[in-house]
Amino acid sequence: MGLWLPVLLYLAAATFLLGMGWRLATWLRTPVPLKIVLTPGPKSSAGVARRLAEEMLGFRSLFSADRLFWIPAWFFHLSLVLLLAGHVGGLLIPQCAQAALGLTENQFERLAQVAGGAIGLLALASALALLFRRLLGERPRAISTFSDYFALGLLLLTIATGNQMRFSSGFDLPHARLFVSGWLAFHPVPPPAAPMFAAHVLLICALLIYIPFSKLVHLGGATLFSPTLNQRNDPRERRHINPWDTRSANAHESSAP
Amino acid sequence: MKAPHLNPGASAGVKAHRAKKDLLAPLGLPAERPADWRERALSKFDELLRQRRSLRLYLDICVRCGACADQCQFFLGGGDPNNMPVARAELLRKVYRRYFTTAGKLAGRLAGAEELTEGVLDQWYTYFYQCSECRRCAVFCPFGVDTAEITAAAREIMACIGVAPKYVVEVVKKAREVGNNLGIPEAAWRDSCQFLEQELKEETGKDIKIPVNESGAEVLLVPPSADLFSNTDTMMGYAKFFHAAGLSWTTSTYASEAGNFGLFLNYEQLRQVNRRLVESARQLRVKRLVIGECGHAWRAAQAFMDTLNGPLDFLEAPRPEHICELAARLIRQGGLKLDKAANDGLAVTYHDPCNLARAAGLTEEPREILRAVVRDFREMPAGTTREKTFCCGAGGGLLADELMDARMKGAQPRVEAFRATGADCLATPCAICKAQLPVAFEHYGVQATVSGVMDLLGKSIQL
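Quick mapping for you: the protein sequence lines, in order, are chains Z and G.
Going by the numbering used here, the letters in the first sequence line up with residues 1 to 257, in that order.
Going by the numbering used here, the letters in the second sequence line up with residues 1001 to 1463, in that order.
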């Protein structure tokens, strides 16, 4: 196989980075005219940090809305984070990860197999649970759009192809490592011959391109930007300024209609 | 509360009467829908997207998980799928996608994008005026997506092409021309105050004043104007409180309304109505500005006033205060002689007005007051109080007769929670809740009274 796959991956990664940068910059640039914090809200910045951490790490609001739904939602996101970490540790910096854990090559392989496999299955199961919730719940089905299924479908296929490689005996892991490190060093090498590997990477390309232009953009830390959650509840202690309306300084304006 | 089965179109026919030229023109809104309404609406949309991060972000990041779906009282009570907050927001979001996002411009319907048509505008007018901007959904959203921000934007877009409800526009016009939502002129205001002073005299034998436009008073009290006409016990409660506390106070005929229906129409009207309070406080040279029993009034004052029309540094206490904060503080200090026996025979529960609980964080002071003045105080079931309170069903400018069907559906979760307490008196510091809930009680066959918090305090004050 040639170099088209790594080249495509470069294009996808560039789209992802530029797209996300553009989206985040737009959010950051857009002013917040009024204090709209949801109360009771924290009075201090430390309190805000805590509130955001509880939301982002624990999905606190979702937990209070629907515990049964919280389970697959939280485990799905957790497993994606762990899978990402696993890819970094297993493919990108296996030597460092191995040294840090104090394991032999063999033990490290076993760990990758067991932990990676378990997390892969967890991701698959929780993604399927989310899909079935959408399909079977009367209200979730009513609010689901094509793009909701498309996003979930992309993720499911990516997870499934990854799992397939993890659980198939003949997969050439060292070659996959070479491919990844070569790609990262801008010395791309051809990928392993397994078609499942190409499929997995292609799906990742699709995700990278799709994320910035869809609801999946929320992985850019959307909660951090959310004024109802990231503001302090202190409108009477500190004056909040609306950057596009500073007329109030001009005290003698008529208020006749 | 258990979510209902979906009943598409259940509330599709419930629409607010439209404001006409006589109301729209004085507020600078187009008297008729202009021929280029779509372009104008989209250009307003674009402006709002550049001005409000909340709008842009909340249109971008919703994942349609549906955590909010079961939390809206209008959906719970009526089952119309467009009253699920996520679906309500989609009405605006689909147009946002079509005109303002890459995916929507490229992939159209596949990306969930839709043109702004006559039909969509009609959906907007229907369902964005079946949202009370109560923010209950936002409490349960993992991103804090606030449907009130989306509803407010949709209403502002509609207003700029002359599409707005008669009720809301009329109230804003009265507030700006006369000084209060009911359109009570100065002479009638003074008369009513005198009438209530006589009532107080008969009840207590004392000269308890309800001062009007008294320059140099310590406190300017801005009540909802309904307190002077329909909720007179609340007004007398304020008067007895200030009398007992020995605080000099006044009402103002220039700013005789705490409520701010500008909040339900657009930013500029919100600011202009709010401005009257600040001007009046300055003119009357008072030391403190105190807001009476009205939910969204307290949001507009507590959260927005300093930004919109501040700084308030001419006041000795350079920030608005809520009457319940004042009263609770004085009770804590032992500054009031209270007798709970005055409210014996009442089983009282407290209804958190949505704006006090979710937008201004005022939940404990009213309870402190109630515990101090009634013997039988009960809470409504967990999950329906404080920031998880249900809206009464008429906030956000929905207290219009023609919206009765939606109002009663929206009131159902609140009424059920009330029923569960077995109480016979619901106390709440909000004029809109006080207007809506007696109607809802009658509708659902509940035998109970609705009272203000200051009413019950007033009754228990020993002079």
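Each residue gets a CB set at the ideal place from its N, CA and C atoms; glycine is no exception.
Asked                                                                                                                        : Found
Within 8 Å, strictly: CB atoms of E1379/G and A1328/G                                                                        : no
Contacting residues, own chain, Cβ-Cβ under 6 Å from S1192/G (five flanking each side not counted)                           : L1228
Between the CA atoms of L1029/G and R1052/G - distance to the nearest angstrom                                               : 21 Å
Extent of the continuous alpha helix (DSSP H) to which V114/Z belongs                                                        : 105 to 136
Three-pair Cβ contact test at 8 Å for the region 1194 to 1206 of chain G versus the region 1398 to 1408 of chain G           : no
Sequence-distant residues of its chain with Cβ nearer than 8 Å to K1206/G (five each side left out)                          : L1200, H1243, L1463
Proximity test, Cβ basis, 8 Å: C1141/G and chain Z                                                                           : yes
Backbone CA spacing between H240/Z and F1314/G [nearest angstrom]                                                            : 18 Å
Counterpart residues of V1348/G in DSSP-defined beta bridges                                                                 : F1377/G, C1425/G
From S1011/G, R1018/G, R1056/G, residue whose alpha carbon lies closest to that of A25/Z                                     : R1056/G
Limits of the unbroken alpha helix (DSSP H) element including I1432/G                                                        : 1431 to 1443
P1353/G: contacting residues in chain Z (beta-carbon distance under 9 Å)                                                     : Neighbours of P1353/G on chain Z: none; closest Cβ ~12 Å, over 9 Å.
Nearest candidate by alpha-carbon position, reference F1304/G, set Q1412/G, T1251/G, D1339/G, A1360/G                        : A1360/G
Run of the beta strand (DSSP E) containing V1222/G, from where it starts to where it stops                                   : 1219 to 1222
Residues, ordered as in the chain, of the region 11 to 41 of chain Z that lie near chain G by beta-carbon distance below 9 Å : G19, R23, T26, W27, L28, R29, T30, P31, V32, P33, L34, K35, I36, V37, L38, T39, P40, G41
Secondary structure, alpha helix (DSSP H): runs of 4+ residues fully inside the region 1041 to 1118 of chain G               : 1053 to 1061, 1073 to 1078, 1085 to 1100, 1102 to 1107
DSSP state of H1017/G mapped onto helix, strand, coil                                                                        : coil
Bridge partner(s) assigned by DSSP for R1288/G                                                                               : V1219/G
Inter-residue Cα distance where the pair is L1437/G and L203/Z                                                               : 55 Å
Alpha-carbon to alpha-carbon, F186/Z and G2/Z                                                                                : 15 Å
Beta-carbon proximity of R1033/G to G1162/G, cut-off 8 Å                                                                     : yes
Partners in chain Z for T1102/G, counting only beta-carbon separations shorter than 8 Å                                      : F213
Neighbour flag for T1428/G against chain Z, beta carbons, 8 Å                                                                : no
The alpha helix (DSSP H) enclosing V1168/G, as first and last residue numbers                                                : 1166 to 1177
Beta carbon proximity, L1023/G to chain Z, threshold 8 Å                                                                     : no
Against chain G: residues of the region 153 to 171 of chain Z by CB proximity under 7 Å                                      : none
Min CB distance I1061/G to chain Z below 8 Å                                                                                 : yes
Contact set for A1154/G: own chain, Cβ-Cβ below 6 Å, skip 5 residues either direction                                        : L1092, W1124, F1128
Counted within 10 angstroms of its Cβ, other Cβ atoms place A1041/G as buried (16 or more) or exposed                        : buried
Test: L208/Z CB closer than 8 Å to a CB of chain G                                                                           : no
Neighbour flag for D1306/G against chain Z, beta carbons, 8 Å                                                                : yes
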